[in-house]
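Chains as they are written, first to last, in the working numbering: chain A, 61 to 294; chain B, 73 to 281.
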């Protein structure tokens, strides 16, 4: 593979962020990013810096139906959503245009929300940042007092084809790691701490064959590891 | 260089800048703490975020997608993403507004890139219908320290370099579209963008150190 100079990296990352890198070139860059953490750093640099241009944006109020749809989607407070919806219905002429579709969609979502009991909020009391050796943080693990947990990618962990990342609970050195399931490089993933997880000290992520370790213990290299700490104020 | 009437008319950007009164809340990043509260599942904070930022993000989505129905879709997807991934926001890496603007832009751009060209119904006239009362120059609208630094560095660029980069950023144009818009050869525009970004990087690095 051709080695990119620092200037090339910065240039390509900036064009990736601006959006002028498109089509096959964009896909090629995304593949390159998987092998070169310096490219992620450049992308993140440009995203943060150019994001400041957002302050100079004009203001254009979106129609109320957008917030209604968002609330329905994130399962937010149903009462508030209905109140806004009723008001928006009469105030907004454009509402009627999308009425049939939106109402059907919203009704379906509300039905699901009514049928599925709302979970209590996820309030983490312990967190662990998992890092690879000598590199920056790649995952954040959060654990709530009731034993629910979540593992979320924070850097952009790179996964080889045909492999999966598996999350492990680390306890004192006498006891074996316990699998908490696969971790996704795209989205946060929930897990539940098993019984006997008292005395937990941290988490690790190993590289496993697709679908996870076939043996119930880590079979591949442990690529990320981090200790648990309590969150402030908890 | 500070924003001038000449610059506004040439970039087409200044006329889209918000009245200064709407920007007061942007000066000390009230967005970051609300993102952190959203990450903890606090719906009021999420609601505040929407109230404070949706008009800007909607304008951004409209700028890029040009069609209200697509922009609404994009906005909805943006906030759903913000709700789901607010825990990934790291205040050490940048301001809250930068983070959500990046999400909004990426969402709108990926929609734009997925649409076939002939579906694209936007036109210059629509672009100009964005609210323009009491326009302020782009630099004047950028108040936080991050934004000031960026504005200072942008002002060091040649007018064409800056104009091309801003057209691409705010309107989601390709370099070819910028070339058509400005009636210049594509090679010239590419070189403006490349050199502009290089100088911008140099200036930002200097300001950092």
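Cβ atoms here follow ideal geometry from the backbone N, Cα and C, with glycine treated the same way.
| said: Quick check on this structure: which residue in 142/B, 150/B, 229/B and 143/B has the alpha carbon closest to the alpha carbon of residue 133/A? | reply: 150/B
| request: Return the Cβ separation of residue 272/A and residue 244/A in integer angstroms, given the expectation that the two are a contact with Cβ distance under 8 Å. | output: At roughly 12 Å, the Cβ-Cβ gap does not stay under 8 Å, so residue 272/A and residue 244/A are not in contact.
| said: Would residue 216/B and residue 115/A qualify as a contact pair, given that the criterion is a beta-carbon distance under 8 Å? | reply: yes
| field | Beta-carbon gap between residue 99/A and residue 125/A smaller than 8 Å | value | no
| If we count Cβ pairs, one from each stretch, closer than 8 Å, do we get three or more for the segment 132-139 of chain B versus the segment 182-194 of chain A? | no
| query | Of all Cβ atoms in chain B, is any one closer than 8 Å to the Cβ of residue 212/A? | reply | yes
| task | Along the alpha helix (DSSP H) that carries residue 105/B, what are the first and last residues, could you check? | result | 103-111
| message | Does the structure place the segment 265-279 of chain A close enough to the segment 222-238 of chain A that three or more beta carbon pairs sit under 8 Å? | response | yes
| task | Note down, in chain order, every chain A residue with its Cβ under 7 Å from the Cβ of residue 109/B. | result | Those within 7 Å of residue 109/B in chain A number zero; the least Cβ separation is about 11 Å.
| Nearest neighbour of residue 94/A, chosen from 108/A, 198/A, 237/A and 289/A [CA to CA] | 198/A
| query | Comparing the C-beta of residue 80/A with each C-beta of chain B, is any distance below 8 Å? | reply | yes
| Taking Cβ-Cβ distances below 7 Å as the criterion, which residues of the segment 227-240 of chain A are in contact with chain B? | none
| Can you list the residues of chain A that residue 169/B reaches, using a CB-CB cut of under 8 Å? | 111, 112, 114 and 115
| task | Could you work out which residues of chain B lie near residue 134/A, taking near to mean beta carbons separated by less than 7 Å? | result | 152 and 155
| message | Which residues in chain C have a C-beta closer than 9 Å to the C-beta of residue 97/A? List them in chain order. | response | Going by chain labels, chain C is absent from the structure shown, which instead holds the protein chains A and B.
| said: Can you find the residues in the same chain that come closer than 7 Å, C-beta to C-beta, to residue 250/B, ignoring five residues on each side of it along the sequence? | reply: 236, 239, 240 and 261
| Since residue 173/B and residue 121/B are thought to touch, with beta carbons under 8 Å apart, how far apart are those beta carbons, to the nearest angstrom? | Incorrect: roughly 12 Å between the Cβ atoms, too far for contact.
| query | With residue 259/A and residue 232/A assumed to form a contact (beta carbons below 8 Å), what rounded beta-carbon distance in angstroms separates them? | reply | 5 Å
| task | List the residues that DSSP assigns as beta-bridge partners of residue 242/A. | result | 226/A
| Do the CB positions of residue 171/B and residue 118/B come within less than 8 Å of each other? | no
| said: If contacts are defined as beta-carbon pairs under 8 Å, then residue 167/B and residue 218/B qualify, I think. What distance do you get, rounded to the angstrom? | reply: 5 Å
| query | If you draw a straight line from the C-alpha of residue 221/B to the C-alpha of residue 90/A, how long is it? | reply | 29 Å
| task | Check whether the Cβ atoms of residue 217/A and residue 204/A lie closer than 8 Å to each other. | result | no
| request: Kindly indicate which three-state DSSP category residue 140/B falls into: helix, strand or coil? | output: helix
| task | Give a yes or no on whether 8 Å exceeds the smallest Cβ distance from residue 278/B to chain A. | result | no
| task | Would you mind stating whether residue 305/A and residue 278/A have Cβ atoms separated by less than 8 Å? | result | Given that chain A is displayed from residue 61 to residue 294, the structure contains no residue 305/A and the question cannot be resolved.
| Buried or exposed (CB count within 10 angstroms, at least 16 for buried), residue 84/A | exposed
| Option nearest residue 234/B by Cα separation, candidates 202/A, 280/A and 113/A | 113/A
| request: Give the range of the alpha helix (DSSP H) segment to which residue 97/A is assigned. | output: 97-111
| request: Could you tell me which residues DSSP puts in a beta bridge with residue 266/A? | output: 226/A and 282/A
| task | Using a Cβ cut-off of 8 Å (strictly closer), state whether residue 138/B contacts chain A. | result | no
| Could one say the Cβ of residue 167/A lies closer than 8 Å to chain B's Cβ atoms, at least one of them? | Low confidence applies to residue 167/A: its pLDDT is 47, below 50, so where it sits in the model is not reliable, and the reading given next is rough at best. No - not a single Cβ of chain B is within 8 Å of the one on residue 167/A.
| When you compare each of 289/A, 102/A and 82/A to residue 67/A by their alpha carbons, which one comes out closest? | 102/A
| task | Would you list the residues sitting across from residue 287/A in a DSSP beta bridge? | result | 262/A
| message | Counting only beta-carbon separations shorter than 8 Å, does residue 206/B have a partner in chain A? | response | Here the model assigns residue 206/B a pLDDT of 34, short of 50, so the residue's position is not dependable and the matter cannot be decided.
| What is the DSSP secondary structure of residue 231/A, counted as helix, strand or coil? | coil
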